[in-house]
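Heads up, the thing below is written out as structure tokens.
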Ligand SMILES: Cc1cc2nc3c(=O)[nH]c(=O)nc-3n(C[C@H](O)[C@H](O)[C@H](O)COP(=O)(O)OP(=O)(O)OC[C@H]3O[C@@H](n4cnc5c(N)ncnc54)[C@H](O)[C@@H]3O)c2cc1C
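In the working numbering, the protein residues as written are 162 to 481.
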């Protein structure tokens with residue numbers, strides 16, 4: 162058992178780090194506990210991923226993020242956040258998972274895979290990138306069905322079905338096609354979705370010229386070892402297939418939030434309750450920060466608009 166911390170921060174993503182920086186500036190004792198490597202979600206992003214935000218909008222703690230590109234890429238962001246944490250000597254425990262948070266004698270007792278901590282305040286900044294939204298169709302458990310994508314090289318000469326029509330799907334379709342994959346997109350809606358403005362015309366043109374095949378108003382209905390079934394407006398289509406890239410989004414760890422005692426809205430969005438002014442949840446002195454706040458609405462919060470949560474929370478703690 163360690164001494165009592167002012168704040169324990171769950172999650173060492175960009176926003177967890179931002180909270181650590183503000184806590185340090187305010188002279189509060191804090192500890193960041195991260196279950197993976199530092200900025201674990203960013204580490205697991207596609208190798209060639211480019212942010213849609215400019216570098217200045219990804220900055221935390223007032224530290225400049227220099228990039229020679231209009232929009233920085235994954236490697237630059239990893240470099241930036243690690244260097245900021247290093248230079249500031251942020252107190253962070255890596256590869257240590259928070260498994261439970263209980264209230265005891267006016268303090269929070271935090272259990273992790275390695276230790277137990279006591280803290281006056283908790284900030285949960287656990288993001289949403291660890292749990293993919295499942296398709297719920299037969300064959301989804303086959304190893305060829307992927308919810309995360311890393312490097313296009315792997316898919317050279319492979320027959321790929323990409324499910325979805327937002328940024329991730331567009332990147333996967335274009336990158337793998339350029340590295341020699343045969344790509345078919347399955348799009349539930351009648352048109353492409355939210356795609357970076359510099360990527361969308363590229364994809365539209367590849368679809369128009371027939372290089373990438375796309376079925377709109379369509380659904381993947383079954384995956385088998387060597388083929389897939391797609392329900393299209395013209396009827397069922399069966400395609401030979403090597404890999405399914407199910408880019409259907411991700412969701413926060415609701416089970417963890419509920420176990421902690423945070424109320425979720427009853428609607429489809431499952432918004433975790435928090436006061437937007439202070440970020441305090443229904444549990445006193447327990448706060449939410451970062452993209453976890455959006456529940457199933459994962460397109461509402463980003464680094465660029467949720468980094469301000471850090472300052473709001475630390476001010477609220479100080480004002481008490
Ligand atoms: C492909 C992609 C591109 C994006 N591009 C942009 C962009 O251009 N601009 C922008 O502003 N936003 C962008 N976003 C959104 C935003 O960058 C990310 O969601 C960002 O990672 C959010 O930061 P966060 O700190 O809230 O959550 P995360 O970065 O997800 O950090 C949460 C951390 O908590 C850890 N964790 C979870 N559970 C536990 C536990 N029980 N114990 C300990 N640790 C735990 C995780 O390992 C993780 O490291 C993008 C998202 C994706 C998926």
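The beta carbon of each residue, even a glycine, is placed where N, CA and C say it ideally should be. This one's a predicted model, so the numbers in the text were calculated from it and none came from an experiment.
query: Any non-hydrogen atom of ligand 1 closer than 8 Å to residue 224 Cβ; result: no
query: Top-ranked residue by Cα proximity to residue 165, from 269, 405, 311 and 306; result: 269
query: Where residue 479 sits in the DSSP three-state scheme; result: helix
query: Nearest-angstrom Cβ-Cβ length linking residue 449 and residue 285, presumed shorter than 8 Å; result: 5 Å
query: Where residue 446 falls, given that 16 or more other Cβ within 10 Å makes a residue buried; result: buried
query: At least 3 beta-carbon pairs within less than 8 Å: the stretch 317-337 vs the stretch 428-437; result: no
query: Start-to-end residues for the beta strand (DSSP E) that takes in residue 452; result: Unbroken run through residue 452: none, as it is neither H nor E.
query: C-beta atoms of residue 484 and residue 368 nearer than 9 Å; result: Nothing in the structure corresponds to residue 484, since the chain is present only between 162 and 481.
query: Where the beta strand (DSSP E) containing residue 278 begins and where it ends; result: 277-285
query: Reduced DSSP category for residue 313 - H, G, I as helix; E, B as strand; rest coil; result: helix
query: Bridge partner(s) assigned by DSSP for residue 397; result: 392
query: Euclidean distance between Cα positions of residue 298 and residue 415; result: 22 Å
query: Pairwise C-alpha distance: residue 370 and residue 464; result: 36 Å
query: heavy atom of ligand 1 below 8 Å from residue 437 C-beta; result: no
query: Cβ-heavy atom distance, residue 290 to ligand 1, below 8 Å; result: yes
query: Touch test, the stretch 174-186 against the stretch 463-480, Cβ-Cβ under 8 Å, three pairs minimum; result: yes
query: Closest residue to residue 311 among 339, 207, 352 and 475 (Cα-Cα distance); result: 207
query: In DSSP terms, what residue 273 is bridged to; result: 259
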